[in-house]
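Below is one structure, written out as structure tokens; the observations come after it.
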Amino acid sequence: MKRRLEPGRLVIASHNKGKIPEIAALLGPYGMDIVSAGELDVPEPEETGTSFAANAELKARFSADLTGLPALADDSGLCVEALDGDPGIFSARWAGSGKDFGRAMELVERNLAAKGPEAGRDAHFVCALSLCWPDGHIVTVEGRVDGHLVWPPRGDKGFGYDPVFQPWHHDITFGEMDPDRKHAMSHRADAFRKLVAAVF
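Just so we're aligned, residue 6 is where the sequence shown starts under this note's numbering, counting upward by one.
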């Protein structure tokens, strides 16, 4: 049986300051009172899953258990075809403990360069969203957007790998794109459409 999420307090199980406003904007129309795990002093659990969905579920369950509130977790990353899907679920870890995505983008570019010019630059972003209620009921959906990588990085909007990712049929990167335009087409937006259909 489908379970609806009623308007009220919802924990975003993330400490990523870039993700919180994106998620809050997408949830705006649904009457949710958004609070981040960081604001509630919920620590970040160790991400031991082997997929985006597994890590999203782990984080959502952790926050729901500790707060007694419904919790929404996002696990997302950049998958580069020529790098066998890397950085994938390790996208944040490639940025190091200082969350330096300039370094992470350079690492992707270096690894691509080592493959040679015939490697190709196709890539996609994946976003898994898990919504967990305090009683353990959980709903997980996944979204995706395809494109290719550019170098050097372009634009100062967005976060993470946005400045090197240019979605198909567009001539600018996510880093150059107006946030509303990005929110309409991103991997996170795709996952949110599926989540909204499932629980709102």
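Positions of the beta carbon are idealized from the N, C-alpha and C atoms, including for glycine.
Which one of Gly36, Asn60 and Met110 has the shortest CA to CA distance from arginine 159?
When only C-alpha atoms are compared, the closest one is Met110.
Just grab the DSSP bridge partners of histidine 129 for me.
For histidine 129, which the question treats as bridged, DSSP gives the partners Cys84 and Asp151.
Do you know how far the Cα of aspartate 185 is from the Cα of valine 169?
If I take the Cα positions, the gap works out to 19 Å.
For the alpha helix (DSSP H) containing phenylalanine 197, list its first residue and its last residue.
Where phenylalanine 197 is concerned, the enclosing alpha helix (DSSP H) stretches over 192-204.
Rounded to whole angstroms, what's the CA-CA distance from glycine 73 to glycine 82? Just pull it up for me.
The alpha-carbon atoms of glycine 73 and glycine 82 are separated by roughly 28 Å.
Does the Cβ-Cβ distance between leucine 71 and arginine 193 come in under 8 Å?
No, the Cβ-Cβ distance between leucine 71 and arginine 193 is not below 8 Å.
On the DSSP bridge assignment, give the partners of proline 92 in chain order.
In the DSSP output, where bridge partners are listed per residue, proline 92 has Cys84.
Whose C-beta lies closer than 7 Å to the C-beta of lysine 199 among residues of the same chain, with five residues either side of it excluded?
Once the five neighbours on either side are set aside, the close Cβ partners of lysine 199 are Val146 and Gly148.
Measuring straight from C-alpha to C-alpha, what distance separates glycine 141 and arginine 115?
Roughly 42 Å between the two C-alpha positions.
Below 8 Å on the Cβ atoms is my contact criterion, and I expect aspartate 80 with phenylalanine 57 to pass it. Report the Cβ-Cβ distance as a whole number of Å.
At roughly 5 Å, the Cβ-Cβ gap stays under 8 Å, so aspartate 80 and phenylalanine 57 are in contact.
Please state the DSSP three-state secondary structure of threonine 72.
Three-state result, threonine 72: helix.
Near alanine 119, what residues of its chain come up, given a Cβ to Cβ distance below 7 Å and the 5 sequence neighbours on each side ignored?
If we look at alanine 119 and ignore the five residues flanking it on each side, it has no Cβ neighbours.
In the DSSP assignment, what are the bridge partners of leucine 136?
Partner(s): Leu77 and Val144.
Should lysine 155 and proline 172 be called a contact, given that it needs their Cβ atoms to be closer than 8 Å?
For clarity, residue 155 is valine in the given sequence; the question names lysine instead. It is not a contact, given that the beta carbons lie outside the stated cut-off.
Taking the Cβ atom as the reference point for each residue, do glutamate 86 and alanine 128 lie within a distance shorter than 8 Å?
Yes.
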